[in-house]
Structure formats: structure tokens, C-alpha cells
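Trainee: Sharing a structure, written as C-alpha cells. Questions coming.
Number of protein chains: 2
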Amino acid sequence: MNILEKIANELDTFSKSERKVAEVILSSPSTVIHASIAALAKQANISEPTVNRFCRRLDTKGYPDFKLHLAQSLANGTPYVNRHVDENDTADEYTDKIFESTMASLELARKSLDANVINRSVDVLTQANKISFFGLGASAVVAHDALNKFFRFNVPVVYFDDILMQRMSAINSRQGDVVVVISHTGRTKSLVEVASLAKENDAIVIGITTAGSPLSKECNIVLSVDVAEDTDLYMPMSSRIAQLALIDVLATGFTLRRGTKFRDNLKKVKDSLRSSRFERKD
Amino acid sequence: MNILEKIANELDTFSKSERKVAEVILSSPSTVIHASIAALAKQANISEPTVNRFCRRLDTKGYPDFKLHLAQSLANGTPYVNRHVDENDTADEYTDKIFESTMASLELARKSLDANVINRSVDVLTQANKISFFGLGASAVVAHDALNKFFRFNVPVVYFDDILMQRMSAINSRQGDVVVVISHTGRTKSLVEVASLAKENDAIVIGITTAGSPLSKECNIVLSVDVAEDTDLYMPMSSRIAQLALIDVLATGFTLRRGTKFRDNLKKVKDSLRSSRFERKD
DNA sequence: TAATTATGAAATAAATTTTCATTATTCTCG
DNA sequence: CGAGAATAATGAAAATTTATTTCATAATTA
Chain G
27 MNILEKIANE LDTFSKSERK VAEVILSSPS TVIHASIAAL AKQANISEPT
77 VNRFCRRLDT KGYPDFKLHL AQSLANGTPY VNRHVDENDT ADEYTDKIFE
127 STMASLELAR KSLDANVINR SVDVLTQANK ISFFGLGASA VVAHDALNKF
177 FRFNVPVVYF DDILMQRMSA INSRQGDVVV VISHTGRTKS LVEVASLAKE
227 NDAIVIGITT AGSPLSKECN IVLSVDVAED TDLYMPMSSR IAQLALIDVL
277 ATGFTLRRGT KFRDNLKKVK DSLRSSRFER KD
Chain C
27 MNILEKIANE LDTFSKSERK VAEVILSSPS TVIHASIAAL AKQANISEPT
77 VNRFCRRLDT KGYPDFKLHL AQSLANGTPY VNRHVDENDT ADEYTDKIFE
127 STMASLELAR KSLDANVINR SVDVLTQANK ISFFGLGASA VVAHDALNKF
177 FRFNVPVVYF DDILMQRMSA INSRQGDVVV VISHTGRTKS LVEVASLAKE
227 NDAIVIGITT AGSPLSKECN IVLSVDVAED TDLYMPMSSR IAQLALIDVL
277 ATGFTLRRGT KFRDNLKKVK DSLRSSRFER KD
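Protein sequences appear in the order of chains G and C.
Here this note's numbering is used: the first residue of the first sequence is 27, the next is one more, and so on.
Here this note's numbering is used: the first residue of the second sequence is 27, the next is one more, and so on.
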């Protein structure tokens, strides 16, 4: 929470002297961030240690740290927030809102990702005999993208957006196979079944889904991506964009783990596409 | 201006030692705001006065003031610069970098979009008898996503990621049809031909591609999405994410243009999915 | 009135800035 | 091209500023 709000909130839990500081800060926070502890103490007519104690009371490490928080609160024009599209928005407005919301989602998703889990996923992926990506609907797009990415790595990789194919593939999986199941809600019955089948057949199942969902319970590894709830009817699901970014992360981790020699191969794939392109003149 | 951008900008006007500090700061600004001048100096392998001079060079009063600016930059929502993944990055580091770069791309893409062109595209799409989305490789994913989105609108929509199908479809297009051709580079020969065929057969061709590319010349409407050049080998193409956001924008514009009655229909589609899901308990 | 809590003066500690000598780097002129 | 002067960059150490701790005292509460 914004520290300015916090001060305003806790105003009545403060002692007399602390309230004096609080008032000075609230009345002109932008001055305070440039003031020393001595200056602030003098302005509030209290002693320096009191200011210091006040800072600690607000869960900061001390006065300098407090100023940092304050500065951030001030800067925070709350730039990337989920702004909802409105019926009467112009093209300019809804474009802005959608991009901002998307960025807000990415921001949120990044925070919710656990580097350890990513590491473990990359571990598992690099060791896989075969990688499968399954998704339905919007998540099929993500699986499709994952296919494109991992295909370049010259590893056995498949992708299905068809329930039956997914089932069959899952049943045929074996030890050493990795199945990546993608579903934002994690509540799509058929996908949960697919995950469960794959697991029964000794594949390692990585779920890109919401933590605690039915799907997550069938997975060996859960990469949970939080995004703002999709409340708005107009608002498109930004979950898939966060998932795509996560695919990028996994693919990057994969490349890094595989080392230099492997990257030459990557370059080769890139180059092989050249002849299908018009030359650049610049 | 944001002080992080400023540092990145003036990087080549710095002296050797100053650049060292700059790099440490850019690589992990959020750590720096909690570090003392001594700690930062040590990390950059230079002396404390040099750090101090560096701060002053950037028009701050000194190190504490500099940290304040930095803190604000970080809070400010736009710390997003395209940071390249490094060979020795930890999972945490490359995850951060990828998300940041993605956000930076979105920021850039948003700026490059022209609301008038979006408006015109939405016009054309709402009036279409049939909408086709074509893409290859990474752009196929975007076309795939567009299919998902527009399919919900209950309009005739198709998507192909196969050159031959695209050609046939393009040849069979007629007046009133809209063909959306997606290609980041706009240099993929077969796609350029598809666009040209569609245009010859009286379809309106919307290109989601780079301005000035061969593909753009075959299009009636060009939605150009700028993203940072894809120089890094590890760095995944964020172009497709910007394109996806653009699809969201078009879909949203479409919904808004179609009005209230139309949105009821949208809700119906959403509801129809419910039975395939596990119920939520909360 | 005792116990607790809040407060500030002074001392201490930490961090930052200044000063100044040394070391690189750049420029000038033979 | 190269020697040496001029300039700029850098860091060690000192000085200063700033923040924190300690501890005694005052205010408040039980």
C-alpha cells in the first residue's frame, strides 16, 4: 500500500508527537522527501528520535528508507492499472486502456512468478525426451506459440488443440516425457483429465494455470500466473499474454541451460528462413 | 524525464568509471535504492566519490537525492527498457528482463499506433461479410488468436496457417470480404502474394505489419506496430505480443461499434462454456 | 503511587561529501 | 611521431552531515 495512505489510515493509532510528524508529512510530502531528519523534526517541533521511531512504526528501516517509500508514493500516478473500456470510448481511449491493462497484467504476472519453479521447469524441459503442449481456446494459442518456440530448439515437440488428440497423446506418454498443460482457469474438465492421464503414464506434467485450481492438483509442477480478474465484458483476456511471456521465459531458460553449442543450432534455424523472405534494401 | 532512461541515454557520454556505476544501476535499480553509496561503489568496483560525481552529473543534489529520483522512476510505471538477457543470468534475472522488455515493446507499440487507422479498420471489419486471418510462424499464433476472438462475435471468420489454404482462400475472396494479413517483417514472400491475390479479388486487405515493408504495399489498410528490433538471439520476439494486444484493440472496437444488442450475444457465448468447466467453490 | 509509555538530549555510529594528491588521458608543439 | 604540458578522472583520507542508539526524564495510564 501507498505509504501516504497508510499514514492517513493509521493517524489515530499514533501518539501525540507522532501525529505532529504525520501532519507535517501529509501537508507537504514533496517537501519532506528533500528534508533531513533534523529539518523535519524541527518543522514538527519534536525530536529527531521521534521521527525515526515514527518511520519504523510504518515498517520502514529508518528515515532514509521512509523517504524512499514516500518518494515512490508521490511518483505513483498509478500508471499501469487495469482501466476498463467504456461504452463511449474513442479509438484512442480504448487503445490506451487495453495496452495499459495488458501491461498491468504483465506487471502482476511477473510478481507472481516464482523463480525456483521456473528453474525447476526449465530443468525438466531440458531433460525431456518429448515435450507436448496442450491447451484449448485462448490457451491453445499459447500452446501453439510454445510449439513454434520449442520447435526451433530441435527437440521432439508436439502441440494439440483437439481434445481427442490430447487424450491419445497423454495416454501414450511415458517416463521422460514432459506435458505442458495450459489453462487460465484450470477448470476445463477435459484438460484436467488429460493432465491426470499424462501423470498416470509417468509423464511429468507442468501446468500453466491458476494456483489451487483443479488442474493444478494434477500437475507435478505448477507455474501459476496471476492476472487481474477478467470482469469486464469488453476487456479481452490478458491472461494469455502473460502466459506467452512465460513461454518466452521458459524458452529463454531452455536456451541458456543448453549452452553455446546449442545456440549455434538456433542461429541455423533462423538463417534457414532467409530465402523465403524478400531481401532488405537498407 | 525518467532518470533510468536518462542514464541509458547518456551512457556514452560517461567516463569509464561512471559507466561502471551506470551498468550496475541499470542492471538492478531496485537493489540500488536500498544500497548505501559505499555498497554501490564496491559493487561497481569504483570509489565512493565517483558515485557521488555520477549522481551530480545527472542533475541531482547527491547520492541520497539520486536515490530518491531512482525510486520515483521505479514507481513511475515506465522503467521499462529493453534489457537484454545475458548468458549468466539467473532465472530471476532473465524473467525480469523478458517481462520488462515485453512491457517496453507494448509501450512502444502503443505509441506507434494511429487511432484513425484503427478506426478505419474497425469500420471495415464491422461491415465485412467474411473475415480471414492469415499468418505464418509466429504470426500464425496471432491469427489463431484473432480467430478465437472474432469467432465469438458470430461473424463468418476463418484462419489459415497453411500457404496453400491461404492462397485458395484469397483467390476465392470477393467484394465485402476482409482479409487480415499478419507478418512482423512483412517480407515473407508467400504472404505478400496472398495479400496481393486477395486485393485483386476485391477483398479489403488489412496488414498488421511493419510500415514500408513489401507486404504493406499490397494492403488497403496498414496497421503498423513498431517494436524494438529483435537483435538479441535469446530474446524472444515481443512483436507477436504487441500484435496480440492490437487484436484485442480491434476486437474491442468491433464490440463497441456493434452496440448493446450485439454484446448480449457475446455474453451468451461466454455462458455456453460454463458447463464444460468445474464449478468454482468460492 | 507504581508501572508503563513517550519523549528528547547527548553520544555514537553511519553515511555522504569535500579536499587534495595521484594517476590516466588528451592535446600541443618540436 | 613522440615528449611533455595541460586537462580530466579517480580514489584515499579527512571533514562534515545525517541518522541512530542510549539513557535519563517527563507524561500518561492503571
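The C-beta atom is built at its ideal place from N, Cα and C for all residues, glycine as well.
By DSSP's criteria, G233/G is part of a beta bridge. Which residues make up the other side?
Mentor: Looking up residue 233/G in the first sequence gives position 207. The partner list for G233/G (beta bridge, DSSP) reads V207/G, V248/G.
Trainee: Considering only DSSP beta bridges, list what F186/C is partnered with.
Mentor: Here the question's residue 186/C lines up with position 160 in the second sequence. Bridge partners of F186/C: F160/C.
Trainee: What separation, rounded to the nearest whole angstrom, lies between the Cα atoms of T39/C and A164/C?
Mentor: As a position in the second sequence, residue 39/C is number 13, starting the count at 1. As a position in the second sequence, residue 164/C is number 138, starting the count at 1. Straight-line Cα distance between these residues: approximately 38 angstroms.
Trainee: Output, in chain order, the set of chain G residues within a Cβ distance shorter than 8 angstroms of V111/C.
Mentor: For this step, residue 111/C is matched to residue 85 along the second sequence. The answer, in chain order, is T278, L282.
Trainee: Please state if the CB of V206/C and the CB of A135/C are separated by a distance shorter than 7 angstroms.
Mentor: For the purposes of this step, residue 135/C is taken as the residue at position 109 of the second sequence. For the purposes of this step, residue 206/C is taken as the residue at position 180 of the second sequence. For the pair A135/C and V206/C, the CB atoms are not nearer than the 7 angstroms cut-off.
Trainee: Using beta carbons (cut-off 7 angstroms, strictly below), is V275/C in contact with chain G?
Mentor: Taking the first residue of the second sequence as 1, we reach residue 275/C at position 249. Yes, its Cβ sits closer than 7 angstroms to a Cβ of chain G.
Trainee: If contact means a Cβ-Cβ distance below 8 angstroms, which residues of the segment 166 to 185 of chain G contact chain C?
Mentor: A166, V167, H170, D171, N174, K175
Trainee: Which residues in chain C have a C-beta closer than 8 angstroms to the C-beta of Q98/G? List them in chain order.
Mentor: Position 72 of the first sequence, counted from the first residue, corresponds to residue 98/G. Counting only Cβ-Cβ distances below 8 angstroms, Q98/G has contacts in chain C at A97, Q98, L100, A101, in chain order.
Trainee: Using the Cα positions of Y106/G and M194/G, report the straight-line distance between them to the nearest angstrom.
Mentor: Numbered from its first residue, the first sequence carries residue 106/G at position 80. Numbered from its first residue, the first sequence carries residue 194/G at position 168. Note that Y106/G has pLDDT 45, beneath the 50 cutoff, so the model's placement of it is unreliable and no number is given.
Trainee: Using 8 angstroms for Cβ pairs, my map puts V77/G next to A67/G. What's the rounded Cβ distance?
Mentor: Translated into the one-based positions of the first sequence, residue 77/G becomes position 51. Translated into the one-based positions of the first sequence, residue 67/G becomes position 41. V77/G to A67/G, Cβ: 5 angstroms. Contact.
Trainee: Per DSSP, T86/C is paired with what?
Mentor: Position 60 of the second sequence, counted from the start, is the residue given in the question as residue 86/C. None; T86/C has no bridge partner.
Trainee: Q201/G to I247/G, Cα distance in whole Å?
Mentor: The residue labelled residue 201/G in the question sits at position 175 within the first sequence. The residue labelled residue 247/G in the question sits at position 221 within the first sequence. If you take the alpha carbons of Q201/G and I247/G, they lie about 16 angstroms apart.
Trainee: Cutting at 7 angstroms between CB atoms, please list the residues of its own chain near V148/G, excluding the five before and the five after it.
Mentor: Walking along the first sequence from the start, residue 148/G turns up at place 122. Only L276, G279, F280, R283 meet the Cβ criterion.
Trainee: Relative to the C-alpha of G161/C, which residue among V150/C, T211/C, S62/C, I72/C is closest?
Mentor: Within the second sequence, numbered from 1, the residue matching residue 161/C stands at position 135. Of the listed residues, the one whose Cα sits closest to G161/C is T211/C.
Trainee: On the CB-based measure, 16 or more other CB atoms within 10 Å of its CB, does L96/C come out buried or exposed?
Mentor: Position 70 of the second sequence, counted from the first residue, corresponds to residue 96/C. Buried is the call here.
Trainee: Fully enclosed by the segment 27 to 98 of chain C, which alpha helix (DSSP H) runs are 4 residues long or longer?
Mentor: 29 to 35, 42 to 53, 55 to 58, 63 to 70, 74 to 83
Trainee: To the nearest angstrom, report how far apart P90/C and I72/C are at their CA atoms.
Mentor: The residue given as residue 90/C occupies position 64 in the second sequence. The residue given as residue 72/C occupies position 46 in the second sequence. Cα-Cα distance, rounded: 18 angstroms.
Trainee: Does chain G have any CB closer than 7 angstroms to the CB of Y89/C?
Mentor: Position 63 of the second sequence, counting from 1, holds the residue named residue 89/C. Chain G has no Cβ within less than 7 angstroms of the Cβ of Y89/C.
Trainee: How about L151/C and V231/C: are their beta carbons less than 7 angstroms apart?
Mentor: On the second sequence, residue 151/C is found 125 positions in, with the first residue counted as 1. On the second sequence, residue 231/C is found 205 positions in, with the first residue counted as 1. No, these two residues do not count as a Cβ contact at 7 angstroms.
Trainee: Count the other CB atoms, across all protein chains shown, that sit within 10 Å of the CB of H60/C; report buried if there are 16 or more and exposed otherwise.
Mentor: Counting from 1 along the second sequence, the entry for residue 60/C is found at position 34. It is exposed - the Cβ of H60/C has fewer than 16 other Cβ atoms within 10 Å.
Trainee: Which residues in chain G have a C-beta closer than 7 angstroms to the C-beta of N145/C? List them in chain order.
Mentor: Taking the first residue of the second sequence as 1, we reach residue 145/C at position 119. Within chain G, the residues near N145/C are A117.
Trainee: Would you say I124/G lies against chain C (beta-carbon separation less than 7 angstroms)?
Mentor: Counted from its first residue, the first sequence places residue 124/G at position 98. So, interface residue.
Trainee: What is the rounded straight-line gap between the Cα of H170/G and the Cα of V181/G?
Mentor: To locate residue 170/G, count along the first sequence from 1; it is residue 144. To locate residue 181/G, count along the first sequence from 1; it is residue 155. Straight-line Cα distance between these residues: approximately 15 angstroms.
Trainee: Just to make sure I have the definition right: I need the residues of chain G whose C-beta is within less than 9 angstroms of the C-beta of A164/C. Which are they?
Mentor: Within the second sequence, numbered from 1, the residue matching residue 164/C stands at position 138. Chain G residues near A164/C: D171, N174, K175.
Trainee: How far does the alpha helix (DSSP H) with N145/G in it reach, from first residue to last?
Mentor: Working through the first sequence from its first residue, we reach residue 145/G at position 119. Run containing N145/G: 141 to 153, per the alpha helix (DSSP H) assignment.
Trainee: Exposed or buried, E44/G, counting other C-beta atoms within 10 Å across all chains shown (16 or more means buried)?
Mentor: In the first sequence, residue 44/G corresponds to position 18, counting from 1. Under this definition E44/G is a buried residue.
Trainee: Should I267/G and I267/C be called a contact, given that it needs their Cβ atoms to be closer than 7 angstroms?
Mentor: For the purposes of this step, residue 267/G is taken as the residue at position 241 of the first sequence. For the purposes of this step, residue 267/C is taken as the residue at position 241 of the second sequence. Taking 7 angstroms as the Cβ cut-off, I267/G and I267/C qualify as a contacting pair.
Trainee: Mind listing the chain C neighbours of A141/G? Cutoff is C-beta to C-beta under 8 angstroms, in chain order.
Mentor: Mapped onto the first sequence, residue 141/G falls at position 115. Within chain C, the residues near A141/G are T116, A117, D118, T121.
Trainee: Enumerate in chain order the residues of its own chain whose CB-to-CB distance from A166/C is below 6 angstroms, with the five nearest sequence positions on each side excluded.
Mentor: As a first step, residue 166/C must be located in the second sequence, where it is residue number 140. D187.
Trainee: For a test of the three-state rule: what should DSSP assign to S199/C, helix, strand or coil?
Mentor: The count along the second sequence starts at 1 and reaches residue 199/C at position 173. Looking at S199/C - three-state DSSP - the assignment turns out to be coil, as it is neither helix nor strand.
Trainee: Which class does V253/G belong to by DSSP, given the choice of helix, strand or coil?
Mentor: Against the first sequence, residue 253/G aligns to sequence position 227. Here V253/G sits in coil by DSSP.
Trainee: Below 8 angstroms on C-beta distance, what does A7/C contact in chain G?
Mentor: The shown model of chain C, from 27 to 308, leaves out residue 7/C, and the question about it has no answer.
Trainee: For the alpha helix (DSSP H) holding D118/C, just list the boundary residues, first then last.
Mentor: The residue labelled residue 118/C in the question sits at position 92 within the second sequence. Counting along the chain, the alpha helix (DSSP H) containing D118/C begins and ends at 117 to 138.
Trainee: Residues of chain G with a CB under 7 angstroms from the CB of L30/C: which are they?
Mentor: Here residue 30/C refers to the residue found at position 4 of the second sequence. Near L30/C there are no residues of chain G at all, since even the closest Cβ is about 12 angstroms away, more than 7 angstroms.
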